[in-house]
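K.L.:
Just passing along the structure, written as structure tokens.
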Amino acid sequence: MVRDAGGIIYGDGANLNALVGKLKPGQLGFDILHSNLHKTFTQPHGGGGPGAGAVMVSERILPFLPTPVIDRKTDKSNAEFFTFMSPEKTIGKMGAFHGNFGALVRAYAYIRTLGKQGVPKVSEDAVINANYIRSQLKGVFDLPYDRTCMHEVVFSARNLKRDNGITALDVSKRLIDYGIHPPTMYFPLIVEEALMIEPTETESKETIDEFIDVMKIIAREAAEDPSLLREAPHNTPNTRLDEALAAREPDLRWKK
7 MVRDAGGIIY
17 GDGANLNALV
27 GKLKPGQLGF
37 DILHSNLHKT
47 FTQPHGGGGP
57 GAGAVMVSER
67 ILPFLPTPVI
77 DRKTDKSNAE
87 FFTFMSPEKT
97 IGKMGAFHGN
107 FGALVRAYAY
117 IRTLGKQGVP
127 KVSEDAVINA
137 NYIRSQLKGV
147 FDLPYDRTCM
157 HEVVFSARNL
167 KRDNGITALD
177 VSKRLIDYGI
187 HPPTMYFPLI
197 VEEALMIEPT
207 ETESKETIDE
217 FIDVMKIIAR
227 EAAEDPSLLR
237 EAPHNTPNTR
247 LDEALAAREP
257 DLRWKK
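Numbered according to the working numbering, the sequence shown spans residues 7 to 262.
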């Protein structure tokens with residue numbers, strides 16, 4: 007319907023871990039789609055960078071791309087070579103930064119290394135890992151949507167909050183004491199006390215089992231000693247920062 011009305015469809019491809027090698031975004035009807043390379047294609051993103059979001063477009067958008075773009079050609083001897091060209095209806099040159107070139111090269115090398123057989127396995131392993139966690143922690147944490155998931159499984163700490171006043175933030179802070187990076191909290195917004203866990207394809211069964219065991223321990227601690235979670239983390243120089251103050255009064259430079 008959107009296309010029939012002349013509309014252009016944009017897709018958020020931030021996380022493609024469950025889809026790579028299984029389908030093309032264009033098959034879903036998208037005209038434009040970005041992919042966060044630090045989520046699906048190995049690019050590190052610690053400390054706020056250096057991320058990169060590669061943008062993909064459909065055939066109908068190609069004529070409007072910024073200039074120049076790389077074009078593949080063949081000479082008289084059928085040897086391929088590359089050249090620059092300007093799309094027919096280009097919007098012109100970009101004035102903004104094009105992004106982190108090194109991140110793009112790393113992601114491209116990752117895809118080429120995995121190859122035709124390896125890329126689909128990324129999706130398969132990511133989905134299996136998430137569903138394994140779902141099956142093992144079901145009944146320990148509330149499961150708002152009790153069904154097979156893709157590469158993310160969403161739990162809720164609302165049962166801990168109801169019984170002992172323990173929040174998703176408390177659970178996440180306690181995970182730090184066990185040397186585990188906390189998952190995404192309070193997202194999606196439609197889930198109360200949400201904990202969104204994305205093991206993706208990179209974790210081994212051993213590390214996933216360790217995570218599951220720690221989550222079970224934390225759930226038990228919430229019932230037996232809630233203050234242990236409320237005061238966590240216990241092993242870091244800084245414990246609970248005033249995030250609201252940091253957002254409202256940002257201090258973006260170092261000073262003595």
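Where a beta carbon is used, it is the ideal one built from N, C-alpha and C, also for glycine.
1) Is it right to say Val128 is buried, meaning 16 or more other beta carbons lie within 10 angstroms of its own, or is it exposed?
2) Using a Cβ-Cβ cut-off of 7 Å (strictly less than) and excluding sequence neighbours within five positions of Phe217, which residues of its own chain qualify?
3) Which parts of the stretch 78 to 165 are runs of the alpha helix (DSSP H), unbroken and 4 residues or longer, counting only runs that do not cross its ends?
4) Taking C-alpha atoms, which residue in Leu34, Leu39 and Val26 lies nearest to Tyr16?
5) Just to confirm, are Thr1 and Leu22 a CB contact at a threshold of 9 Å?
6) With a 10 Å radius around its C-beta and 16 neighbouring C-beta atoms as the bar for buried, classify Thr73 as buried or exposed.
7) Whole angstroms is fine: what's the gap from Val8's alpha carbon to Ser233's?
8) Where Ile203 and Arg226 are concerned, what is the direct C-alpha to C-alpha distance, given to the nearest angstrom?
9) Are the beta-carbon atoms belonging to Val146 and Met221 less than 9 Å from one another?
10) Assign Ser210 to buried or exposed, taking buried as 16 or more other Cβ atoms, counted over all protein chains shown, within 10 Å of its Cβ.
P.N.:
For this structure:
1) buried
2) Ile186
3) 107 to 143
4) Leu39
5) Given that the chain is displayed from residue 7 to residue 262, the structure contains no residue 1 and the question cannot be resolved.
6) exposed
7) 53 Å
8) 19 Å
9) yes
10) exposed
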